[in-house]
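Enquirer:
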Amino acid sequence: MTSTTDRPLQGDTIIFTGSSLPEEAVKLAASYGANVQYVPLIETVPTDEPAPDLHEYDWLIFTSASAVEAFHEQHARPKAKIAAVGSKTAAALEQAGYHVDFVPSVFAADAFIREFPEVAPDGRCLFIRGARAKDTIYQLPLAVDDWTVYDTAPCRGNAERLARMTDAIVIFASPSAVETYMEAGGQWRTIEAAAIGYVTEQAIKQAGGRVSAVPANHTYPDVIRTIVKGRVQND
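For the sequence shown, position 173 (counting from the first letter as 1) is numbered 173 according to full-length UniProt numbering, and the numbering increases by one without interruption.
#1: Along the chain, where does the alpha helix (DSSP H) that runs through V170 open and close?
#2: Just reading off the alpha helix (DSSP H) that I227 is part of, what are its end residues?
#3: Classify R129 as buried or exposed, calling it buried when 16 or more other Cβ atoms lie within 10 Å of its own Cβ.
#4: Determine whether the beta carbon atoms of F107 and G86 lie at a separation below 8 Å.
#5: Checking the sheet assignment: what are the DSSP bridge partners for P175?
#6: Under the three-state reduction of DSSP, which class applies to G208: helix, strand or coil?
#7: What first and last residue would you give for the beta strand (DSSP E) that runs through V36?
#8: Residues in its own chain within less than 6 Å of A92 by CB, not counting five upstream and five downstream?
#9: To the nearest angstrom, how far is it from the Cα of V103 to the Cα of A84?
#10: Where do the N-terminal and C-terminal ends of the alpha helix (DSSP H) with V119 fall, by residue?
#11: Name the DSSP bridge partner or partners of A213?
#12: Express the C-alpha separation of T166 and L126 in angstroms, rounding to a whole number.
#13: Could you compute how far the alpha carbon of V232 sits from the alpha carbon of E179?
#14: Can you pull the DSSP bridge partners for K81?
#15: Helix, strand or coil: how does DSSP classify R156 here?
#16: Would you mind reading off the limits of the alpha helix (DSSP H) that contains V68?
#17: Alpha carbon to alpha carbon, what distance is there between V100 and Y138?
#18: Going along the chain, which residues of its own chain have a beta-carbon closer than 6 Å to the beta-carbon of V36, five neighbours each way excluded?
#19: Taking the C-alpha atoms as reference points, what is the distance between K205 and A194?
#20: Could you have a look at L28 and say whether DSSP puts it in helix, strand or coil?
#21: Check whether the Cβ atoms of D151 and A177 sit closer than 8 Å, and answer yes or no.
#22: I need the DSSP call for A203, collapsed to helix, strand or coil.
#23: Which residues share a DSSP beta bridge with L126?
#24: Give the straight-line distance between the Cα atoms of L54 and H72, rounded to the nearest whole angstrom.
#25: Quick one: give me the first and last residue of the alpha helix (DSSP H) that T166 is part of.
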C-alpha cells in the first residue's frame, strides 16, 4: 500500500495556468498523487516590433521561455553571449539550439541583478522581453536596450471555467494570469493559490488573495516541492 508520505498530494487537484504546459512539473505533481489539470489563463501572441541589429550587443538576456520561443521563431542566430534568469528559460534556450553562457546561482531576478555584472562588467545588453515583463532587469548597472517579441492575451473562456472550480491548488505564474482570473469573477476563498515569483505573489495579495506557496527558485517544479513541503509539515 502506498502511504500518504509517499504521495502527500493524494486527493489534491493542482491546476497549472501558464501559457505553456510545464511537463516536468506535471509529472512531478502526479508522482506525488495529485490530480493535475491544465487551464491556461493567458496565451502569447507575437508582436511586430522590428528586430534590432543583434551584432551591436555583447549579451542577450532572457527571462521567460515564451520570449525564447518568440525569438526563435524569427530565426535569429546571434553571435552575442546569452544569459537566462531561470532554469526553465535556460532549458528552452538549449532545446532551441542556443548556448547559455550565464545563469544565476538562484533562479530569481534579484539574484541575476547581483551576479550578472560580475561576468559582464562593461557589456552592452539586449533584454528579449514580453510586453508585460517586469522592469527588474533595468536595475542592472549596465547599458540595457530591449526588444519586445511577444504580448499576452487572456483566455477568457478558461478563466470563467476556473472561476467556477473549487477545492483546488491553482498555480499562478504571472500578474496577467491573476488579472484574468479576477476579471472572470474568481474567488480566492474557493481555491488555494500558489505563486511563481514575488511579483505574482504581490499581485495575488493586492487582489485580496492569500498565497500558500512561493518557492525561492521561480520554477514550476520548485513550487510543487514547496506545496509538498507544506503538506508534510502540516500532517
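Note that CB positions come from ideal geometry on N, CA and C, so glycine has one too. Just so you know, these numbers come straight off a predicted model, no measurement behind them.
Expert: Let's see:
#1: Unbroken run through V170 is the beta strand (DSSP E), I169 to F172; no alpha helix (DSSP H).
#2: In this chain, the alpha helix (DSSP H) harbouring I227 covers Y220 to N234.
#3: Per the 10 Å Cβ criterion, buried.
#4: yes
#5: Paired residue(s): none; P175 is not in a bridge.
#6: In this structure, G208 counts as coil in the three-state DSSP scheme.
#7: N35 to Y38
#8: A65 and V68
#9: 5 Å
#10: Following the DSSP letters along the chain, one finds V119 inside the alpha helix (DSSP H) bounded by residues A109 to V119.
#11: A194
#12: 42 Å
#13: 31 Å
#14: Beta-bridge pairing links K81 to W59.
#15: In this structure, R156 counts as helix in the three-state DSSP scheme.
#16: A65 to E73
#17: 20 Å
#18: I14, V26, A29 and A30
#19: 11 Å
#20: L28: helix per DSSP, three-state reduction.
#21: no
#22: helix
#23: Paired residues: L60 and D145.
#24: 13 Å
#25: It is not in any alpha helix (DSSP H) - T166 carries neither H nor E in the DSSP assignment.
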